[in-house]
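S.K.:
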Amino acid sequence: MVTVIKPSLFLMSLWVLSSHEAQGSGKKLSWSHCSNPGTVALNYILFKPFPLKIGQRFQYIANLSTSDTIVDGTFHVKLWYQLNIAKQESINITFIDERINLCDQWVADSGHLCPVKPGNYIMTSAETIPTLFKPGNYFGKAEAFDEAGKILICARIKFSL
Ligand SMILES: *[C@@H]1O[C@H](CO)[C@@H](O)[C@H](O)[C@H]1NC(C)=O
Ligand SMILES: *[C@@H]1O[C@H](CO)[C@@H](O)[C@H](O)[C@H]1NC(C)=O
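With mature numbering (1 follows the signal peptide of the UniProt record, and there is no 0) applied, the sequence shown corresponds to residues -24 to -1, 1 to 137, in that order.
1. What's the call for Asp73, buried or exposed, on a 16-neighbour Cβ count within 10 Å?
2. Compare the Cα-Cα distances from Cys90 to each of Glu123, Ile69, Pro106 and report the closest residue.
3. List the endpoints of the continuous alpha helix (DSSP H) containing Leu78.
4. Below 8 Å on the Cβ atoms is my guess for Lys93 versus Thr70; work out the distance and round it to an integer in Å.
5. Using the beta carbon as the reference atom, which residues fall closer than 6 Å to any heavy atom of ligand 1, ordered along the chain?
6. Confirm the yes/no value for this check: CB of Ser66, any heavy atom of ligand 2, distance under 6 Å.
7. Could you tell me which of Tyr114, Ala38, Thr15 sits nearest to Asp85, measuring between CA atoms?
8. On the criterion of 16 or more Cβ atoms from any shown chain inside 10 Å, does Gln81 qualify as buried, or is it exposed?
9. Is the closest heavy atom of ligand 2 to the C-beta of Phe71 under 6 Å?
10. Which word fits Val47, buried or exposed, when buried means at least 16 other C-beta atoms lie within 10 angstroms of its C-beta?
11. Could you tell me the boundaries of the beta strand (DSSP E) in which Val53 lies?
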């Protein structure tokens, strides 16, 4: 299991998760909220350029709303790579399993400080998909929790590179 990836890419996984079907043709990307959604809603997410490509720099732009004040918390992000072992047969290899601080990422990508007050915000950052990523299918799950452990947002993503 290789984990050589910047924290902000974990966040990218999170926001990717909350949109429905990504814009554009080419490689597919879809997301959904988990069955236990929290108080944070993602209104939209954009990727430029799309489709995402290994080794290529891209920007994400996410519009989200919170109805509660968020003092601090944690992101838990998991990413699986679908390894095809035979025709019609595959296993999911855990590629990333990380917990990161919510406010550090918030400050970096939104330009706002913690606590996060109720409102509508834009988060954006430019990232490069590491060349250690292999072509194929990826599945991700991202959850954010407040300091008390209450879920703020949970989403799943599916994309291919
Ligand atoms: C974010 O999305 C909300 C809801 O769709 C919209 O009302 C708001 O204008 C958007 N904000 C920005 C900066 O795009
Ligand atoms: C891999 O994970 C995806 C998404 O959770 C799931 O749909 C798929 O069935 C899994 N595949 C295997 C072989 O477990």
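By construction, the Cβ of each residue, glycine as well, lies at the ideal position given by its N, Cα and C atoms. What you are looking at is a predicted structure, and each value in this text was computed from that prediction instead of being measured.
M.R.: So, to answer that:
1. Exposed, since its Cβ has fewer than 16 Cβ neighbours within 10 Å.
2. Each of Glu123, Ile69, Pro106 was checked against the Cα of Cys90, and the nearest Cα belongs to Glu123.
3. Its alpha helix (DSSP H) spans residues 78 to 86.
4. Contact flag wrong, Cβ pair sits at about 35 Å.
5. Taking each Cβ in turn, the ones that pass are Asn19, Asn39, Asn96, Ile98.
6. Indeed, a heavy atom of ligand 2 lies less than 6 Å from the Cβ.
7. For Asp85, the closest of Tyr114, Ala38, Thr15 by C-alpha to C-alpha distance is Ala38.
8. In summary, Gln81 is buried, with 16 or more beta-carbon neighbours lying within 10 Å of its beta-carbon over all protein chains present.
9. No, ligand 2 has no heavy atom inside 6 Å of this Cβ.
10. By the 10 Å Cβ count, Val47 comes out exposed.
11. Annotation: the continuous beta strand (DSSP E) that includes Val53 extends over 49 to 62.
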